[in-house]
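Visitor: Please read through the structure below; I'll follow up with questions.
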Amino acid sequence: MLGYTNIRVFHDGMPAWKKAGKPLFSNAKSLQSNMETETPVVLIDVRDVESAKAAHIKGAVSVPADMLASAKDKFPSNKKAPVIIYGADTEAGMKAFSTVRGWGFKDTTVLMGGIAGWQKAGLPVETGAAASEIVYVPKPKPGALSINDFTLVADHKKGDAVILDVRSDDETDEGTIKGAIAIPAEEVSARLAEIPKDKIIFVHCSTGIRAEMAYLTLKEEGYKAGYLDANIKVAKGGEYTITEKE
Amino acid sequence: MIYRKIAQAALGMAALSFVLVPGTIMAKEAKPKVLKPCLQCHKDNGPNDIRGKLGSVSMKSETIKVETGGAPWLITFDDNTVVNGAEALNKIDDGHEILVAYREEGGAMIADRVDVKPPAQLDPAMLITIDELAPLVEQGPEKGKFTLVDARPGKVYIEGFIPGAISIYDAQFEENLDKLPKNKDDLLVFYCGGPT
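These protein sequence lines map, in sequence, to chains X and R. Counted the way the numbering used here counts, the first sequence spans residues 155 to 400. Counted the way the numbering used here counts, the second sequence spans residues 4 to 199.
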């Protein structure tokens, strides 16, 4: 042992800390890496409009601290959106933290050091008016299709893909989308001969879990494929309803 | 990962914008059987052991997805699969560390046994609660005379950490002893991603 006499462990760790809405910091390295990987984040500059105009971090949306409380509707409906707040320094950003965290954004952090720290580290800033509207489009999971794309194929409005229904036989007996190939997820690897290799395969099940598994199998086998990461119900005649997952 | 836009022809519909991973590049890539951080404690893995994080479970297709750092593993199970440490496979939290001992049958992987990693046993006297920690964090390490160590990987730390925490990834602990406080009687608090 190293001889430390007063060691304690916060065993519940980060999940408990986050859940309790306690403050969180992120650092410049993280924001930089988000930029490099084009990972979407909501970046909020809480200084006044003039300061933001003089210099702001690329991608920042200007929401001055005194306007923040009334800007709730500008924020994304998706509460999983990571929000990074920065002010002139750490403390200025901290003041806005509890407001945004209070709206339910669990992944809200304050940029440690604020823009002062960012600039001190020699990181680039932009001049001119910062954006005033928040645009947040989450990066889809690899292989996940948009509901719109899936619908176009399911309704035969687009011809280069086929639907693969990987629900169980009991479920598909109740109805399948017109033109769909039905193979239960666990049989996909043994029944590849039934799946055309020259088409893009759009996989669905009922919740996305089995569809993703089948998608992974197809991908390993060299297929071009995507899957519906949403809830879908198919009625007897083949009509279907898709609802987004929470 | 490289994404590729698929040619679009949407019969006058709005342009399609989905992206797909080209199958030929991803096909049959080698994937690790053991998730790297697990190797710290578990060096003796059998040839038919998969050790990683549970990704998802489908009770309907009797398949689990296990993440080990590369393309995920899909392993089927049945009534004979022994589950240790959980009531059933769908009662295990997503992301929990598991060991799957499998056999191969006709090209398919079938789980003989799934062990769920038990929570670490700690002396209750060593624990600090959130209600004890929060006021300290508010004071800051200097005033509160403590050192707070985030033991998660550095990549996770930078995305969001408790104010005042320093980063020493558990797996690189020995190389970072110089970051610990000089005074060995000062309070030293560790945290990570929760009980696993």
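The C-beta atom is built at its ideal place from N, Cα and C for all residues, glycine as well. Given the structure is predicted, the values throughout are model-derived calculations rather than measurements.
Taking Cβ positions only, does R155 (chain R) come closer than 9 Å to chain X?
Guide: Start at 1 with the first residue of the second sequence, and residue 155 (chain R) comes out as number 152. For R155 (chain R), the answer is yes, since a Cβ of chain X falls inside 9 Å of its Cβ.
Visitor: Given L139 (chain R), which residues of its chain have a CB within under 7 Å of its CB, disregarding the five upstream and five downstream residues?
Guide: The residue labelled residue 139 (chain R) in the question sits at position 136 within the second sequence. Same-chain partners within the cutoff: G147, F149.
Visitor: Who are the Cβ neighbours of L191 (chain R) in its own chain at under 6 Å, not counting the five residues just before and after it?
Guide: In the second sequence, the residue the question calls residue 191 (chain R) occupies position 188. Hits under 6 Å: T150.
Visitor: Give the residues from the segment 322–341 of chain X that approach chain R closer than 7 Å (Cβ to any Cβ), ordered along the chain.
Guide: Correct list: S322, P338, A339, E340.
Visitor: To the nearest angstrom, how far is it from the Cα of E65 (chain R) to the Cα of V279 (chain X)?
Guide: For this step, residue 65 (chain R) is matched to residue 62 along the second sequence. For this step, residue 279 (chain X) is matched to residue 125 along the first sequence. About 52 Å.
Visitor: Counting Cβ pairs, one atom from each stretch, are 3 or more of them under 8 Å apart for the segment 71–78 of chain R and the segment 33–40 of chain R?
Guide: These segments touch.
Visitor: Give the DSSP bridge partners of F179 (chain X), in chain order.
Guide: Taking the first sequence and counting its residues from 1, one reaches residue 179 (chain X) at position 25. Answer is X:V264, R:F164.
Visitor: Going by beta carbon distance, what residues of the same chain come within less than 7 Å of V307 (chain X), once the five residues before and after it are set aside?
Guide: Here residue 307 (chain X) corresponds to residue number 153 of the first sequence, with the count starting at 1. A315, I317, F356, listed in sequence order.
Visitor: Is the beta carbon of F80 (chain R) closer than 9 Å to that of A114 (chain R)?
Guide: Mapped onto the second sequence, residue 114 (chain R) falls at position 111. Mapped onto the second sequence, residue 80 (chain R) falls at position 77. The answer is yes: Cβ separation under 9 Å.
Visitor: Tell me whether G387 (chain X) sits in a helix, a strand or coil according to DSSP, three-state version.
Guide: Within the first sequence, numbered from 1, the residue matching residue 387 (chain X) stands at position 233. Inspection of the sequence shows that residue 387 (chain X) is occupied by Lys rather than by Gly. Strand, per DSSP.
Visitor: Can you give me the Cβ contacts of N188 (chain X) inside the same chain, cut-off strictly under 6 Å, excluding the 5 residues immediately before and after it?
Guide: Within the first sequence, the letter at position 34 stands for residue 188 (chain X). Excluding positions up to five away in sequence, the list reads V195.
Visitor: Please classify E192 (chain X) as buried or exposed, where buried requires at least 16 other C-beta atoms within 10 Å of its C-beta.
Guide: Position 38 of the first sequence, counted from the first residue, corresponds to residue 192 (chain X). Looking at its Cβ environment, which holds fewer than 16 other Cβ atoms inside 10 Å, E192 (chain X) is exposed.
Visitor: If contact is defined by three or more beta carbon pairs under 8 Å, each pair taking one atom from either stretch, is the segment 196–214 of chain X in contact with the segment 295–304 of chain X?
Guide: Contact between the segment 295–304 of chain X and the segment 196–214 of chain X is absent, because fewer than three Cβ pairs lie under 8 Å.
Visitor: Which parts of the segment 197–259 of chain X are runs of the beta strand (DSSP E), unbroken and 3 residues or longer, counting only runs that do not cross its ends?
Guide: Those beta strand (DSSP E) runs which fall completely within the segment 197–259 of chain X and span 3+ residues are 237–240.
Visitor: Between the C-alpha atoms of G256 (chain X) and P218 (chain X), what's the straight-line distance to the nearest angstrom?
Guide: The count along the first sequence starts at 1 and reaches residue 256 (chain X) at position 102. The count along the first sequence starts at 1 and reaches residue 218 (chain X) at position 64. Cα-Cα distance, rounded: 17 Å.
Visitor: Do you know how far the Cα of W171 (chain X) is from the Cα of K183 (chain X)?
Guide: As a position in the first sequence, residue 183 (chain X) is number 29, starting the count at 1. As a position in the first sequence, residue 171 (chain X) is number 17, starting the count at 1. Their Cα atoms are separated by approximately 22 Å.
Visitor: Which residue comes first and which comes last in the beta strand (DSSP E) that contains K68 (chain R)?
Guide: Locating residue 68 (chain R) in the second sequence gives position 65, where the first residue counts as 1. Note, K68 (chain R): beta strand (DSSP E), 66–70.
Visitor: As a quick exercise: from R:V119, R:G55, R:R155, pick the residue whose alpha carbon is nearest that of C195 (chain R).
Guide: The residue labelled residue 195 (chain R) in the question sits at position 192 within the second sequence. It is R:R155 whose Cα lies nearest to the Cα of C195 (chain R).
Visitor: Looking at the unbroken alpha helix (DSSP H) that takes in L306 (chain X), where does it start and where does it end?
Guide: Here residue 306 (chain X) is taken as the residue at index 152 of the first sequence, counted from 1. Element bounds for L306 (chain X): 301–308.
Visitor: Sort out for me which residues DSSP pairs T79 (chain R) with in a bridge.
Guide: Here residue 79 (chain R) refers to the residue found at position 76 of the second sequence. Beta-bridge pairing links T79 (chain R) to R:T66, R:I113.
Visitor: Rounded to the nearest angstrom, how far is the Cβ of K387 (chain X) from that of Y394 (chain X), given a contact under 8 Å?
Guide: For the purposes of this step, residue 387 (chain X) is taken as the residue at position 233 of the first sequence. For the purposes of this step, residue 394 (chain X) is taken as the residue at position 240 of the first sequence. Their Cβ separation, rounded to whole angstroms, is 6 Å, which keeps K387 (chain X) and Y394 (chain X) in contact under 8 Å.
Visitor: Please state whether the Cβ-Cβ distance between F164 (chain R) and D153 (chain R) is less than 9 Å.
Guide: Here residue 164 (chain R) corresponds to residue number 161 of the second sequence, with the count starting at 1. Here residue 153 (chain R) corresponds to residue number 150 of the second sequence, with the count starting at 1. Yes, Cβ-Cβ distance for F164 (chain R) and D153 (chain R) is below 9 Å.
Visitor: Which term fits V291 (chain X), buried or exposed, when burial requires 16 or more other beta carbons within 10 angstroms of its beta carbon?
Guide: Here the question's residue 291 (chain X) lines up with position 137 in the first sequence. Exposed, because fewer than 16 other Cβ atoms sit within 10 Å of the Cβ of V291 (chain X).
Visitor: Taking just the CA atoms, how far does A270 (chain X) sit from A283 (chain X)?
Guide: Within the first sequence, residue 283 (chain X) is the residue found at index 129, counting from 1. Within the first sequence, residue 270 (chain X) is the residue found at index 116, counting from 1. Cα to Cα, A283 (chain X) sits roughly 18 Å from A270 (chain X).
Visitor: Counting beta carbon pairs with one atom in the segment 126–134 of chain R and one in the segment 82–95 of chain R, are three or more of them shorter than 8 Å?
Guide: In short, these stretches do not touch, since the Cβ pair count stays below three.
Visitor: Cα separation between S343 (chain X) and D323 (chain X)?
Guide: Locating residue 343 (chain X) in the first sequence gives position 189, where the first residue counts as 1. Locating residue 323 (chain X) in the first sequence gives position 169, where the first residue counts as 1. Their Cα atoms are separated by approximately 16 Å.
Visitor: Determine the chain X residues that contact M129 (chain R) at a beta-carbon separation under 7 Å, and present them in chain order.
Guide: Reading the second sequence from its first residue, position 126 is the one you call residue 129 (chain R). Under the 7 Å cutoff, chain X gives I161, R162, V163.
Visitor: List the residues of chain R that P292 (chain X) touches, going by C-beta distances under 9 Å, in chain order.
Guide: Sequence index remark: in the first sequence, residue 292 (chain X) carries index 138 (1-based). Residues of chain R passing the Cβ test: none, with the nearest at roughly 14 Å.
Visitor: Pick out whichever of X:K311, X:K312, X:R364 has its Cα sitting closest to the Cα of A336 (chain X).
Guide: Numbered from 1 along the first sequence, position 182 holds the residue referred to as residue 336 (chain X). It is X:R364 whose Cα lies nearest to the Cα of A336 (chain X).
Visitor: Please list the partners that K183 (chain X) has in chain R, where partner means a Cβ-to-Cβ separation under 8 Å.
Guide: In the first sequence, residue 183 (chain X) corresponds to position 29, counting from 1. Neighbours of K183 (chain X) on chain R, chain order: I161.
Visitor: Quick check on G73 (chain R): does DSSP put it in helix, strand or coil?
Guide: To locate residue 73 (chain R), count along the second sequence from 1; it is residue 70. If DSSP states are grouped into helix, strand and coil, G73 (chain R) belongs with coil.
Visitor: Spell out whether any CB of chain R is found under 9 Å from the CB atom of F179 (chain X).
Guide: Indexing the first sequence from 1 puts residue 179 (chain X) at position 25. Answer yes: the Cβ-Cβ gap between F179 (chain X) and chain R drops below 9 Å somewhere.
Visitor: Would L125 (chain R) pass as an interface residue toward chain X - the criterion being a Cβ-Cβ separation below 9 Å?
Guide: Stepping through the second sequence from its first residue, residue 125 (chain R) is reached at position 122. Cβ-Cβ to chain X under 9 Å: yes for L125 (chain R).
Visitor: Consult DSSP for N93 (chain R) and reduce its assignment to one of helix, strand or coil.
Guide: Along the second sequence, one-based indexing puts residue 93 (chain R) at 90. N93 (chain R): helix per DSSP, three-state reduction.
Visitor: Among residues of its own chain, excluding the 5 on either side of P40 (chain R), which ones have a beta-carbon nearer than 7 Å to its beta-carbon?
Guide: The residue labelled residue 40 (chain R) in the question sits at position 37 within the second sequence. Once the five neighbours on either side are set aside, the close Cβ partners of P40 (chain R) are A174.
Visitor: Closer than 8 Å, Cβ to any Cβ of chain C: which residues of the segment 65–88 of chain R, in chain order?
Guide: Looking at the structure shown, chain C is missing, and the protein chains on hand are X and R.
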